[in-house]
Amino acid sequence: MSRTARAVIDLDVTGDVISRHLYGHFAEHLGRCIYGGFWVGEDSELPHTDGIRQDVVDALRALEVPNLRWPGGCFADEYHWRDGIGPREDRPTMVNTHWGDVVEDNSFGTHEFMRLCELLEADPYIAGNLGSGTVREMSEWVEYLTRDGDSPMARLRRENGRAEPWRVPFWGLGNEAWGCGGTMSARHYADEARRYATYCKDHGDNRLYRIAAGAADDDLRWTRALMEAVACLGCGGSDRPVFQAVSFHYYTHSGEGINTVSATDFTDEQYLRTLAHAFAVERVIAGHVAVMDAYDPDGRLGLVCDEWGTWWSVEPGTNPGFLYQQNTVRDALVAGVHLDVFHRHARRLTMANIAQTVNVLQAMVLTDDDGGLVLTPTYHVFEMNKGHQDATAVPTHLVDAPALAVDDSSVPAVSMSASVRGGTALVSVTHTAADAPLDLAIDLRGRAVTVRRARVLTADSAAAFNDAQAPDRVAPRPLDVALEGGLLRLTLRPHAFATIELELREG
Ligand code: AHR
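If you read the sequence shown in the working numbering, its first letter stands for residue 47, the second for the next number, and so on.
See the structure below:
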């Protein structure tokens, strides 16, 4: 038997602009994300542009990736950028101590990453090394990338084949400084972030958005320390804080911790607990926002969730240090729930980066070395939702929405958000119940509409995934919806994600 739910959307009540940067991505030197994922090298027999895998670029371009964070993660705080420039055969090697203890040959470095961003038409978000690098090293990387004219680093860049400076809008001041980024206390890191940020200069007309490495989950103490650091001393006589954003990381699992439960083999309870954990990101964001509001009521600083997504145990037989996991309908729903929450917090939340783009954690695409590429269910959520990028959020109200019992708590059966851009509205709905369909009636108020397209993403099981044998097992299909007056009716199968694109009519 179906459950029923009712919702109201106020299409004429505009909220905050949903920055396209909430749809950002993350690529670390970890497992097969860079090597074998993005980078195959100029001698590869696979189709590529300047050594960058063409099928991966083509797939990601369809998502309109707004920004890409690199080179880590934990790797960022042991990465020395000068090792990754100049002739590849002369580049020194290093040990990637965090991820598999493998030898990194630095063949993918600054120029290769900036080329990748050009191919994707994505803004670069570079995470500088604060944990084991010097202030000078970070300062010179900024100069190398962004300075025109005659300067030591601009000259070095030209010697390496790039005449013009690049535009680099986003700059990370280390990563997870409480852990792999230096095991620092919050106050100590806050001082360090201020010091490093001071020497990351705006060269020419390049304006850096400096992002302080933030909390794990709901560690509000960490956010408070960063906000205090900026509020007390950060402005240094100017109106601009010394860093412009603070980040936090939030990984989803089934309550048993990261890296413990299979990506594809899970119980009904583990499924529901995972969704509960995904919904909990709203509480975490609201907590950070409350702290930021207290110190910065004018909203000068942004909140950035620069790592989020599911973290399962690795696929059997793969290197435990490579974090390679499959991606199911369950992951797609986790993404749907997060993106709804992000839309609701678009006032303060300026950027988010799912971890990670290719072959690592909750990836968009999975590749093999023979040229195979599979689009994951999460990829399809990002594709179906891309109309929210830079759109204006409109309020959605769930009334009479069911909840699903798990342990001594409950999980909403429905998550929803909507936005308007130009003459189009986009409605996203995530239906989490695995045991029955949902009859949903949405009262569309404020504007007359017609339905342009409705699509649904689901499969027979929440554990269904795509692979070489069945690459489209989980792929968007047309969804039947009925519009009578302003009432939109649809039925969603269990564990489904849907988008409805509406054309706003004049008058
Ligand atoms: O995304 C994998 C790792 O998770 C990152 O390197 C680190 O920042 C986080 O702990």
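Every residue gets a Cβ at the ideal spot worked out from N, C-alpha and C, and that includes glycine.
Contact between H71 and L114 holds, since their C-beta atoms are separated by about 5 Å, short of 8 Å.
Not a single heavy atom of the ligand AHR lies less than 7 Å from the C-beta of C79.
In terms of side-chain proximity, the C-beta atom of G119 is found nearer than 7 Å to a non-hydrogen atom of the ligand AHR. M140 is the residue among G155, H157, T156 and M140 whose C-alpha sits nearest the C-alpha of V149. According to the DSSP secondary-structure assignment, N152 is paired through a beta bridge with no residue. With contacts defined by Cβ atoms closer than 8 Å, A291 and G348 form a contacting pair. Listed in chain order, the alpha helix (DSSP H) runs fully inside the segment 132 to 208 are 156 to 166, 181 to 192 and 198 to 205, counting runs of at least 4 residues. Every beta strand (DSSP E) stretch that sits fully inside the segment 434 to 484 and reaches 3 residues is listed by chain position as 438 to 440, 442 to 445, 449 to 452, 455 to 458, 460 to 467 and 470 to 477. If you draw a 10 Å sphere on the C-beta of H234, you find fewer than 16 other C-beta atoms in it, and that means exposed. Exposure of M47 is indicated by the presence of fewer than 16 other C-beta atoms within 10 angstroms of its C-beta. The three-state secondary structure of D129, taken from DSSP, is helix.
Relative to the Cα of N152, the nearest Cα in the group A322, G531, W127 and E167 belongs to W127. If you ignore the 5 residues before and after N142, its C-beta comes within less than 7 Å of the C-beta of H75, F121, V148 and E150, all in its own chain and listed in chain order. A contact is defined here as three or more CB-CB pairs under 8 Å, and the segment 486 to 494 meets this definition with respect to the segment 528 to 538.
Bounds of any beta strand (DSSP E) do not take in D314; it lies within the alpha helix (DSSP H) bounded by D314 to F325. Going by C-alpha positions, V337 is about 43 Å away from D506. By the Cβ-count criterion, V360 is buried, with 16 or more other Cβ atoms from all chains shown falling within 10 Å of its own Cβ. D56 is bridged by DSSP to R491. As computed with DSSP, W85 is found in a beta bridge with Y81 and I98. Around L166, the same chain offers V103, L106, R107, V111 and L114 as residues with beta carbons nearer than 8 Å, after the five sequence neighbours per side are excluded. Taken in chain order, the complete beta strand (DSSP E) segments of 3 or more residues contained in the segment 206 to 247 are 216 to 219. No heavy atom of the ligand AHR is found nearer than 7 Å to the CB of E124. Look at the beta carbons and you see the segment 379 to 391 touching the segment 475 to 489: at least three pairs across the two are nearer than 8 Å. Counting along the chain, E274 sits inside the alpha helix (DSSP H) bounded by residues L266 to A275.
For D352, the enclosing beta strand (DSSP E) starts and ends at G348 to T356. With a beta-carbon spacing of about 5 Å, Y341 and A277 fall inside the 8 Å limit used to define contacts.
At least one heavy atom of the ligand AHR falls within 7 Å of the beta-carbon of E222. When DSSP states are grouped into helix, strand and coil, E124 belongs to the helix group. Comparing alpha-carbon positions, the option among T364, E91, A73 and S65 lying closest to G417 turns out to be E91. Residue environment: T229 is assigned as exposed (fewer than 16 neighbouring CB atoms within 10 Å of its CB, all protein chains considered). Shown here, H295 sits in a strand according to DSSP, grouped into three states. Just so you know, the alpha carbons of A437 and V335 end up roughly 21 Å apart. Shortest gap from the CB of Q408 to any heavy atom of the ligand AHR: 7 Å or more. Around the CB of P117, 16 or more other CB atoms lie within 10 Å, so the residue is classed as buried.
In this structure the segment 294 to 304 touches the segment 315 to 324; the number of beta carbon pairs closer than 8 Å is three or more.
Between the segment 48 to 58 and the segment 437 to 452 there are three or more inter-stretch CB-CB distances shorter than 8 Å, so the stretches are counted as touching.
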